[in-house]
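A short worksheet on the structure shown next.
There are 4 protein chains.
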Amino acid sequence: MKRIGMLTSGGDCQALNAAMRGVVKTLFNGKEKVEIYGFLDGYKGLIYGNYRQLSGNDFSGILTKGGTILGSSRTPFKTIQDPDENGLNKVEAMKKNYAKLKLDCLVILGGNGTHKTANLLRQEGLNVVTLPKTIDNDLWGTDMTFGFQSAVNVATDAIDCIHTTAASHGRVFIVEVMGHKVGWLTLNAGMAGGADIILLPEIPYDINKVIKKIEEREKNGSRFTIIAVAEGAISKEDAALSKKEYKKKMTNYQFPSVSYEVAAAIQEKTGREVRVTVPGHTQRGGSPCPYDRVFASRLGAEAGKLIMDGEYGFMVGYKNREIVKVPLEEVAGKLKMVEPDASIVKEAKLLGICFGD
Amino acid sequence: MKRIGMLTSGGDCQALNAAMRGVVKTLFNGKEKVEIYGFLDGYKGLIYGNYRQLSGNDFSGILTKGGTILGSSRTPFKTIQDPDENGLNKVEAMKKNYAKLKLDCLVILGGNGTHKTANLLRQEGLNVVTLPKTIDNDLWGTDMTFGFQSAVNVATDAIDCIHTTAASHGRVFIVEVMGHKVGWLTLNAGMAGGADIILLPEIPYDINKVIKKIEEREKNGSRFTIIAVAEGAISKEDAALSKKEYKKKMTNYQFPSVSYEVAAAIQEKTGREVRVTVPGHTQRGGSPCPYDRVFASRLGAEAGKLIMDGEYGFMVGYKNREIVKVPLEEVAGKLKMVEPDASIVKEAKLLGICFGD
Amino acid sequence: MKRIGMLTSGGDCQALNAAMRGVVKTLFNGKEKVEIYGFLDGYKGLIYGNYRQLSGNDFSGILTKGGTILGSSRTPFKTIQDPDENGLNKVEAMKKNYAKLKLDCLVILGGNGTHKTANLLRQEGLNVVTLPKTIDNDLWGTDMTFGFQSAVNVATDAIDCIHTTAASHGRVFIVEVMGHKVGWLTLNAGMAGGADIILLPEIPYDINKVIKKIEEREKNGSRFTIIAVAEGAISKEDAALSKKEYKKKMTNYQFPSVSYEVAAAIQEKTGREVRVTVPGHTQRGGSPCPYDRVFASRLGAEAGKLIMDGEYGFMVGYKNREIVKVPLEEVAGKLKMVEPDASIVKEAKLLGICFGD
Amino acid sequence: MKRIGMLTSGGDCQALNAAMRGVVKTLFNGKEKVEIYGFLDGYKGLIYGNYRQLSGNDFSGILTKGGTILGSSRTPFKTIQDPDENGLNKVEAMKKNYAKLKLDCLVILGGNGTHKTANLLRQEGLNVVTLPKTIDNDLWGTDMTFGFQSAVNVATDAIDCIHTTAASHGRVFIVEVMGHKVGWLTLNAGMAGGADIILLPEIPYDINKVIKKIEEREKNGSRFTIIAVAEGAISKEDAALSKKEYKKKMTNYQFPSVSYEVAAAIQEKTGREVRVTVPGHTQRGGSPCPYDRVFASRLGAEAGKLIMDGEYGFMVGYKNREIVKVPLEEVAGKLKMVEPDASIVKEAKLLGICFGD
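Residue numbers (this note's numbering), protein chains in the order written: chain A, 163 to 519; chain B, 163 to 519; chain C, 163 to 519; chain D, 163 to 519.
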């Protein structure tokens with residue numbers, strides 16, 4: 163018999179349930195008897211021993227359900243190594259609960275921060291298999307993460323809606339897209355929504371080039387301009403600042419987010435009225451799209467197979483259209499960013515999209 | 163032969179094109195020959211003589227298209243009676259362009275502000291037929307406006323997305339819904355999205371009752387609370403202020419909108435983390451829902467019939483499931499608000515929804 | 163304390179769960195203690211005593227969920243009065259189980275057939291409150307039934323999809339829409355989808371008029387024609403047949419459904435290729451639309467209130483935008499059909515839609 | 163200056179317009195002047211010289227629009243080499259019209275049949291660049307075709323809708339999915355929709371294994387079973403027939419399609435009621451999903467670049483997440499099928515999905 167722990171950590175996203183269902187269905191279909199223990203609210207559950215045993219029923223009907231049935235939480239403390247406010251050593255607490263439940267393996271679904279901790283637990287001797295969850299698609303070692311395509315859909319829907327109102331009123335409209343410090347989500351939603359300008363963290367923008375593009379469009383008879391701005395977008399000036407200078411700027415930052423800074427700059431320099439829309443947390447919610455359901459199910463199945471085969475210490479990823487296992491130490495702590503000269507960026511430029519560079 | 167002018171004014175919404183298509187298809191199917199002149203960007207087009215003649219082709223395939231093919235603008239000047247910045251008397255300019263094109267009638271699609279001006283033009287002797295366009299559903303004289311149901315759908319989608327993420331993280335989430343000073347959109351989207359608390363302009367809220375509801379939910383084991391807040395929601399304290407005092411408060415207002423004020427109050431009084439999402443302009447965009455397509459088409463058909471029959475001075479509205487004509491003087495300047503003791507509010511309360519009153 | 167039985171009967175539809183949630187939330191929020199017993203698979207559960215007690219948890223998260231958590235079945239036997247195959251008197255069995263559980267009231271959600279049986283149970287002395295469930299919108303005594311608007315959305319989606327392919331290939335396309343012997347669903351989906359021809363059970367069609375319309379469209383440069391055909395549509399010839407003659411025709415019917423008969427007639431008489439699409443059962447599935455969620459919740463709340471007030475023998479319906487109670491004896495056995503001269507039909511004709519009459 | 167012809171051929175699908183927009187935007191953004199000639203209704207337009215010159219306006223707003231603005235047709239004649247009914251040599255006619263318009267290149271969007279003809283034209287000396295369009299995803303030389311992911315979405319929506327009604331009624335439900343003789347669409351929609359059984363052309367099924375799976379599910383307490391059947395699915399018996407025997411069987415085939423044969427077999431052998439739903443042509447219609455919009459735009463951009471660089475004779479495809487050019491002679495006449503031992507099939511089996519093999 164095998165005893166498996168499972169937890170979801172970090173910002174939630176679509177298809178977390180689909181992925182867990184994939185793992186569990188595979189294990190329950192295997193020859194060996196399996197018990198599944200779900201830790202609640204991410205690593206917190208593992209640290210404080212909050213868990214419940216899960217049956218097949220818990221996974222019935224959740225393929226299409228957003229969120230996570232286990233609950234999640236962002237990294238619960240400043241760093242996972244530091245003791246908590248009661249002096250508890252968190253890593254030791256996790257190891258203790260793992261041992262207490264006599265677990266054979268821990269299945270961990272999460273993004274970048276989650277993978278750092280997962281790798282730490284591996285180094286501490288726990289058997290770990292992970293799944294790449296994030297709407298940001300910024301995990302190293304995998305071409306794709308689940309949640310990403312669903313989030314592209316939500317963000318594109320927002321741009322589609324804005325398109326009709328922008329066209330009717332002849333306005334400049336900014337849609338701010340999630341993605342932390344990487345631009346995959348904005349790039350894809352921007353291209354899908356027909357944005358005229360796309361500003362990404364990886365390609366610092368020159369506001370004058372943005373304005374030039376708007377003016378060119380007007381000269382060519384376009385009544386409106388749609389700008390997709392990544393929440394992590396940054397101007398050339400800011401990108402040139404030292405870390406200290408930039409931190410200082412952001413502590414006195416007068417805008418709710420960078421989109422409003424872009425809007426203010428355009429308004430100031432051109433007199434045009436600019437509107438900002440921020441779909442925000444809706445981008446990580448709702449039912450997973452069919453792509454993500456299939457993808458997360460496949461990842462989950464292969465994770466289940468790894469466990470049945472006793473292969474631990476891997477993230478289950480996606481490379482060249484095949485599901486692959488990637489050693490955790492290769493994944494942890496690295497970001498997969500948009501290369502400024504990636505094919506997709508070049509193609510976007512061929513289509514006339516301006517990146518402000 | 164009849165010569166018809168047409169314009170769309172105010173914030174755009176879904177099904178404007180469907181409604182215009184309805185008018186024009188009906189007129190083109192009639193016995194009399196008809197010419198249609200579309201004024202661009204609302205009353206501006208009528209004032210400055212910006213228009214183009216429209217053919218059947220212009221209306222082909224637009225039933226499902228959001229926005230307005232004529233463009234729109236919010237009231238272009240402080241009041242329509244005042245001269246513009248060049249001293250032009252705008253009302254006289256509109257009358258002149260109407261006469262110059264030898265129009266038999268002007269079809270005007272718009273909301274409250276638009277109807278005031280439409281009624282003014284009627285008083286000045288122009289033949290006017292109007293159609294009730296607004297996502298706010300706040301027009302007097304009609305049970306329903308087109309755009310409303312589509313906007314309910316967009317706002318509900320946002321709440322649905324937030325629901326899964328709120329449940330996963332165990333958070334209090336606020337979704338801010340449009341609607342100006344009336345609560346129809348928030349009330350319907352809130353009920354459709356399963357919001358636990360709904361704050362409307364018509365029912366000033368007591369923040370302590372809001373907090374009490376959150377705490378009750380937690381006591382009963384609910385991990386999260388969803389609050390739908392109308393952009394025009396107001397606290398009991400603010401509702402009790404004199405106009406002058408309130409204006410003073412709002413000029414130094416430290417929040418982007420009332421939702422953030424509610425969020426801050428909950429955070430301050432309870433220590434809970436509260437997130438705010440503002441779907442914003444997406445609520446007026448995108449393809450109209452089937453309900454709005456049928457409804458706007460029906461209104462348009464009846465408007466076309468009024469014109470063929472030479473009946474002017476009416477808004478085409480909806481009463482007790484029939485399309486009716488409502489004298490413009492009865493519509494202009496009045497708001498249809500949510501009565502605090504309306505059946506739908508009582509029913510929402512039976513379901514356990516808290517309005518903070 | 164009150165003890166309430168509940169069942170859903172007939173073809174399932176969207177918002178059944180929303181309606182039940184509305185009833186139960188209202189009752190649980192009331193002052194009196196309440197126990198809810200859910201009978202499984204419609205009247206079958208009541209006849210054979212299959213039920214389970216339901217808690218608040220059963221109704222959590224089901225507002226947006228299609229189908230029915232209680233299961234449903236079409237009338238399980240030829241008539242409810244006849245004994246079953248083991249000689250059991252079904253009506254007596256239902257009365258016995260009602261008495262055994264000491265029920266104060268039975269909440270029944272269903273359509274026409276269901277209401278006949280509900281009225282019978284009322285006549286037999288049971289306390290009954292019903293809710294109008296059907297995608298057909300054909301229940302007497304209410305302006306609207308829940309499920310209808312969601313089904314309109316699904317059927318319209320199908321027509322929208324067909325529209326782009328029909329336009330690309332220049333074809334005549336038929337979409338067959340549900341609705342049994344009434345045309346509400348087809349009429350609304352047809353208008354929403356921009357169908358050129360709509361064939362309803364209530365307006366028998368002349369195939370030559372259908373063909374004339376197709377030819378007129380081609381003459382005017384249209385490459386394609388969309389026909390929305392109700393599954394109950396009927397030709398003038400067939401409508402003129404005696405019941406016996408019609409029954410004879412249908413027993414040797416060579417077509418899968420009437421749409422294929424229409425298609426064959428057009429192909430035969432004009433040589434044009436005609437394609438048929440049948441969305442079928444998808445029309446009663448999927449998540450309820452926001453309109454239905456609000457509507458079903460309101461109906462459920464008022465049903466809960468009736469029960470708290472001890473008012474039995476009513477269907478909770480909708481009249482002139484208010485939720486009302488309608489005596490069951492007025493509802494049972496009557497159909498609400500599309501009047502051939504209803505305003506909405508006239509409006510559709512003004513728009514140029516052909517009904518083949 | 164360059165003169166480019168363009169045509170779309172075969173069954174239409176989503177993102178054809180997006181792909182053409184990509185090509186044209188790229189060419190118009192290039193340094194060289196370009197004229198675009200659109201041939202109407204596929205190869206027919208090229209054969210009979212039906213075309214119109216296209217401007218940038220024709221491509222504005224079509225990114226999100228289903229279908230094709232150029233119209234399409236299935237192979238207009240039995241084989242493209244045979245003369246038409248008036249004795250016209252079609253290949254010569256195409257060459258003549260190509261020469262007459264002094265075209266530098268022909269951009270052809272289509273699937274398998276289309277690519278055979280495109281390759282023929284290349285062999286005849288025309289400059290050709292092609293784009294892989296098909297909802298079937300069966301084109302050799304590319305990991306993905308545009309239209310596929312959108313069709314997966316439509317088919318999955320249908321299965322989702324059927325899921326709620328199947329669960330409510332406890333029925334066996336078959337959803338028939340498009341894809342001709344390949345199973346990609348059914349496999350993906352089936353996995354995304356949570357189908358329990360998936361029948362593909364590439365994996366002939368044993369009806370007894372299908373029935374065994376249904377019975378197992380019931381034994382484990384499942385009330386319903388969803389079967390996704392490819393329109394090209396085939397039983398082991400039929401797969402074992404000689405071509406002649408199979409042809410004979412199909413000429414007297416008593417079922418509308420294979421799904422009905424599967425349904426009849428299950429009903430006959432088990433007495434269970436089985437329902438069939440056929441989403442049909444809806445699967446190729448409607449607005450392209452964001453994935454397809456981005457993908458088709460990227461392909462279009464690279465096609466435009468090839469043309470600017472004077473590189474002809476290629477299909478623009480997708481390999482290992484990069485857009486690549488594939489020699490037309492490698493593509494034409496080959497099918498990309500689902501390997502019965504492909505990873506995705508193995509993963510589906512791990513999840514417990516039955517393929518009837």
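Backbone N, C-alpha and C define an ideal beta-carbon position, used for all residues, glycine too. No experiment lies behind these values; they were computed from the predicted model shown.
Query                                                                                                                                                                        : Result
Taking only beta carbons into account, state which residues of the stretch 224-247 of chain C come closer than 9 angstroms to chain D, listed in chain order.                : K227, G228, G229, T230, I231, L232, G233, S234, S235, R236
Over what stretch of residues does the beta strand (DSSP E) that includes Q285 (chain B) continue unbroken?                                                                  : Unbroken run through Q285 (chain B) is the alpha helix (DSSP H), 274-285; no beta strand (DSSP E).
I think P441 (chain C) touches A320 (chain C), with their Cβ atoms under 8 angstroms apart; what is that distance to the nearest whole Å?                                    : 4 angstroms
Among C:T327, C:F190, C:K410, C:K398, whose alpha-carbon lies nearest the alpha-carbon of F517 (chain C)?                                                                    : C:K398
Please return the same chain residues whose Cβ sits closer than 7 angstroms to the Cβ of Y408 (chain D), not counting the five positions on each side in sequence.           : D400
Looking at the C-beta of D300 (chain C), does it have a partner C-beta in chain D at a distance below 7 angstroms?                                                           : no
Measure the C-alpha to C-alpha separation of A255 (chain B) and D244 (chain B) and round it to an integer number of angstroms.                                               : 12 angstroms
Spell out whether any CB of chain B is found under 7 angstroms from the CB atom of S217 (chain C).                                                                           : no
Please list the partners that D305 (chain D) has in chain A, where partner means a Cβ-to-Cβ separation under 7 angstroms.                                                    : R483
Please report the distance separating the alpha-carbon of F476 (chain B) from that of V486 (chain B).                                                                        : 9 angstroms
Measuring alpha carbon to alpha carbon, tell me which of C:I297, C:I231, C:K498, C:A280 ends up nearest N289 (chain C).                                                      : C:A280
Flag A317 (chain D) as yes if its beta-carbon sits less than 7 angstroms from any beta-carbon of chain C, otherwise no.                                                      : no
Looking only at its own chain, which residues have a Cβ that is under 8 angstroms from the Cβ of N482 (chain C), when we skip the five neighbours before and after it?       : D305
In whole angstroms, what separates the C-alpha of V253 (chain A) from that of A357 (chain D)?                                                                                : 41 angstroms
Using the three-state DSSP reduction, which class does F457 (chain B) fall into: helix, strand or coil?                                                                      : helix
Using a Cβ-Cβ cutoff of less than 7 angstroms, which residues in the same chain neighbour G218 (chain D) once the five nearest sequence positions on both sides are dropped? : F190
What span of residues does the beta strand (DSSP E) with F520 (chain C) cover, start to end?                                                                                 : Here chain C comprises residues numbered 163 to 519, so residue 520 (chain C) is not present and cannot be evaluated.
So which of D:D246, D:L202, D:Q311, D:K257 has the shortest CA-CA distance to G233 (chain D)?                                                                                : D:L202
Can you tell me whether G272 (chain C) is buried or exposed? The criterion is at least 16 other CB atoms within 10 Å of its CB, across all chains shown.                     : buried
Counting only beta-carbon separations shorter than 7 angstroms, does M499 (chain C) have a partner in chain B?                                                               : no
Are V186 (chain D) and F221 (chain D) close, meaning C-beta to C-beta below 7 angstroms?                                                                                     : yes
State the DSSP-derived secondary structure class of A392 (chain B), mapped to helix, strand or coil.                                                                         : strand
What is the DSSP secondary structure of T439 (chain D), reduced to helix, strand or coil?                                                                                    : strand
Compare the C-beta of P441 (chain B) against all C-beta atoms of chain C and say whether one is closer than 7 angstroms.                                                     : no
Tell me the DSSP bridge mates of I336 (chain B)?                                                                                                                             : B:I389, B:V438
Which full runs of the alpha helix (DSSP H) of 4+ residues lie inside the stretch 345-390 of chain B, going along the chain?                                                 : 346-354, 369-381
Should V391 (chain B) be flagged as near chain C, meaning a C-beta pair shorter than 7 angstroms?                                                                            : no
Quick one: which residues of the stretch 353-383 of chain D get their C-beta closer than 8 angstroms to a C-beta of chain A? List them in chain order.                       : M353, A354, G355, G356
I believe A494 (chain D) touches H277 (chain D) by the beta-carbon criterion, under 8 angstroms. Please report the beta-carbon distance rounded to the nearest angstrom.     : 5 angstroms
With a 10 Å radius around its C-beta and 16 neighbouring C-beta atoms as the bar for buried, classify L158 (chain B) as buried or exposed.                                   : Residue numbering for chain B in the displayed model covers 163 to 519; residue 158 (chain B) lies beyond these limits and cannot be assessed.
Using the rule of at least 16 other Cβ atoms within 10 Å of the residue's Cβ for burial, across every protein chain shown, is Q176 (chain D) buried or exposed?              : buried
Hey, how far is the Cα of A427 (chain C) from the Cα of E380 (chain C)?                                                                                                      : 18 angstroms
Under a Cβ-count criterion, where at least 16 other Cβ atoms within 10 Å of its own Cβ denotes burial, should R236 (chain D) be classed as buried or exposed?                : exposed
What residues are listed by DSSP as bridge partners for V269 (chain D)?                                                                                                      : D:M168, D:V291
Per DSSP, what kind of secondary structure is Q215 (chain B) in: helix, strand or coil?                                                                                      : strand
With DSSP as the reference, please indicate the residues paired to G200 (chain D) in a beta bridge.                                                                          : D:M168, D:R214
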